[in-house]
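Residue numbers (our numbering): 10 to 482.
Rendered as structure tokens:
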């Protein structure tokens with residue numbers, strides 16, 4: 010039975026071999042389409058250096074991009090984004106190597122046809138054939154869950170059902186009894202997975218005997234977790250992957266629960282974002298995309314202006330509002346107006362709710378499509394906002410929310426954004442509880458922020474704008 014390291018090596022080997030097979034088939038088809046079937050063998054053998062370079066760069070790029078760690082593939086969209094990044098990196102490496110150490114003899118037409126056929130074949134296999142072809146213990150990650158309660162069963166469902174490429178097989182639940190030899194439910198089954206009872210002293214031996222690749226801590230009473238630390242540390246050094254409740258929430262739900270986070274976690278949040286090079290690169294991407302988007306979307310912006318003018322003649326087109334930015338700096342945010350001009354004359358600053366009568370019919374469409382945020386590209390160019398980050402809040406609300414929600418002030422440590430991880434994962438919030446839930450996604454973004462994550466968020470936001478997809482709770 011494979012352990013974590015053996016399992017990972019087998020998984021990488023299987024998927025790399027699948028990629029290699031797709032590359033070979035893609036090369037044969039590409040050469041055949043370009044020069045005809047009679048020239049395939051001769052062209053391939055005359056250009057072996059080029060083929061070795063192409064195959065090596067593609068497989069290496071897939072490995073670096075995490076394409077072979079399929080248990081961390083969240084969705085078809087993430088699979089596509091990972092593939093796109095790995096392909097761009099592979100082409101960059103090919104360009105560098107071909108003009109430095111190798112003479113690139115593959116023609117651009119052959120290269121384009123080969124990459125195109127490979128992409129079609131590889132993505133099709135991963136999306137369609139994976140379930141039937143690779144559902145075996147050799148590829149599936151043998152997983153044991155510590156606990157038998159509601160948390161454990163919810164995690165089991167998440168592990169086995171949430172992904173387009175399921176890579177986990179829960180083989181057992183461990184019912185831990187600190188006093189006796191076995192837990193009270195030992196010997197039973199939960200959805201076909203055995204419930205194994207053990208005392209704390211026999212815990213490590215039980216885990217080893219099960220041939221575990223992944224061990225998930227899912228005790229309902231988190232105060233018992235420290236008792237397992239000596240055993241878990243030893244098992245990790247033996248090659249068994251261990252996920253704590255916070256790991257599970259971040260890897261599989263994309264959020265950092267407020268009841269599991271601590272000062273140490275936030276102190277080590279996203280070391281990358283503190284590097285001057287990262288900040289300069291993020292700013293470069295922000296300005297570049299904002300300039301291009303401003304030019305491309307200018308006609309759409311003018312159309313929105315005309316619609317607002319026609320719907321409410323004489324009313325303001327834009328809406329200026331004070332928001333809290335980086336390190337508590339107050340700035341004026343710019344939006345297309347979506348509410349009546351006198352919306353807060355009597356009520357003052359209040360939450361916007363579903364079906365809010367203050368929102369105009371045009372404003373309702375602008376909010377649903379996110380078009381009301383377009384003028385904030387100006388805030389990005391000014392350096393007051395980023396394209397991606399936590400949404401800036403009004404000073405009146407920040408004071409209230411900071412007093413009621415722990416960690417809320419952490420949001421002020423990075424630039425606010427036009428869109429963010431919370432915006433694509435959670436609907437519009439209209440209460441303190443909604444804000445608490447969205448903060449969990451903001452903290453996740455702050456811990457793992459990167460240029461690649463920003464690009465994923467931007468692409469997801471565009472999909473929401475174009476297709477109106479619902480956000481996941």
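The C-beta atom is built at its ideal place from N, Cα and C for all residues, glycine as well.
Since this is a predicted model, take the numbers as computed values, not measurements.
If you ignore the 5 residues before and after residue 413, its C-beta comes within less than 7 Å of the C-beta of 441, all in its own chain and listed in chain order.
Residue pairing by DSSP places residue 343 opposite 329 in a beta bridge.
Within its own chain, the residues whose Cβ lies closer than 8 Å to the Cβ of residue 326, once the five positions on either side in sequence are excluded, are 314, 317, 318, 345, 346, listed in chain order.
In this structure, the alpha-carbon of residue 438 lies about 42 Å from that of residue 100. Here residue 127 is near residue 31, since their CB atoms are less than 8 Å apart.
Counting only the Cα atoms, residue 95 lies some 30 Å from residue 51. Following the DSSP letters along the chain, one finds residue 54 inside the alpha helix (DSSP H) bounded by residues 49–55. Here the alpha carbons of residue 411 and residue 418 stand approximately 6 Å from one another. In this chain, residue 177 is not harboured by any alpha helix (DSSP H); it is covered by the beta strand (DSSP E) spanning 177–186. The three-state secondary structure of residue 233, taken from DSSP, is helix. Assignment of beta-bridge partners to residue 115 by DSSP yields no partner. Contact annotation: the segment 291–300 does not touch the segment 250–258, with fewer than three C-beta pairs closer than 8 Å.
Residue 221 has its alpha-carbon roughly 42 Å from the corresponding atom of residue 57.
Its chain contains 343, 344, 345, 346, 347, 348 as the residues whose beta carbon lies nearer than 8 Å to that of residue 328, once the 5 sequence neighbours on both sides are disregarded; these appear in chain order. Taking a contact to require three or more Cβ pairs closer than 8 Å, the segment 384–403 and the segment 364–373 do not qualify as touching. About 4 Å separates the Cβ atoms of residue 399 and residue 451, confirming a contact at the 8 Å cut-off. Per DSSP, reduced to three states, the secondary structure at residue 310 is helical. Apart from the 5 residues on each side of it in sequence, residue 403 sits with its Cβ closer than 8 Å to the Cβ of 330, 331, 332, 333, 358 in its chain, given in chain order. Two segments are said to touch when three or more pairs of C-beta atoms, one from each, lie closer than 8 Å; by this definition the segment 263–279 does not touch the segment 233–252. Collapsing the DSSP output to three states places residue 104 in a helix. Spanning the alpha carbons of residue 472 and residue 207 requires a straight line of approximately 49 Å. Residue 334 is not bridged by DSSP to any residue.
Exclusion of the five residues before and after residue 118 leaves 43 as the residues of its chain whose Cβ lies within less than 6 Å of its Cβ. When DSSP assignments are scanned along the segment 238–303, the uninterrupted stretches of beta strand (DSSP E) that are 3 or more residues long and fall wholly within it turn out to be 250–252. Relative to the Cα of residue 103, the nearest Cα in the group 130, 62, 228 belongs to 62.
Rounded to whole angstroms, the gap between the alpha carbons of residue 22 and residue 311 is 54 Å. Between the alpha carbons of residue 36 and residue 131 lies a distance of about 13 Å.
Listed in chain order, the alpha helix (DSSP H) runs fully inside the segment 360–418 are 370–378, 386–391, 404–413, counting runs of at least 4 residues.
Taking the Cα of residue 379 as reference, the smallest distance to any Cα among 423, 428, 214 is reached at 428. Within the same chain, no residue comes within 6 Å of residue 129 by CB-CB distance, once the 5 residues on both sides are set aside. Taken through DSSP and simplified to helix, strand or coil, residue 221 comes out as coil. The beta carbon of residue 201 lies closer than 6 Å to none in the same chain, with the five residues before and after it left out. Under the three-state reduction of DSSP output, residue 423 falls in the coil class, being neither helix nor strand.
Nearest C-alpha to residue 152 among 134, 179, 248: 179. For residue 215 and residue 377, the gap between their C-alpha atoms comes out near 53 Å. Secondary structure at residue 206: strand, using DSSP grouped into helix, strand and coil.
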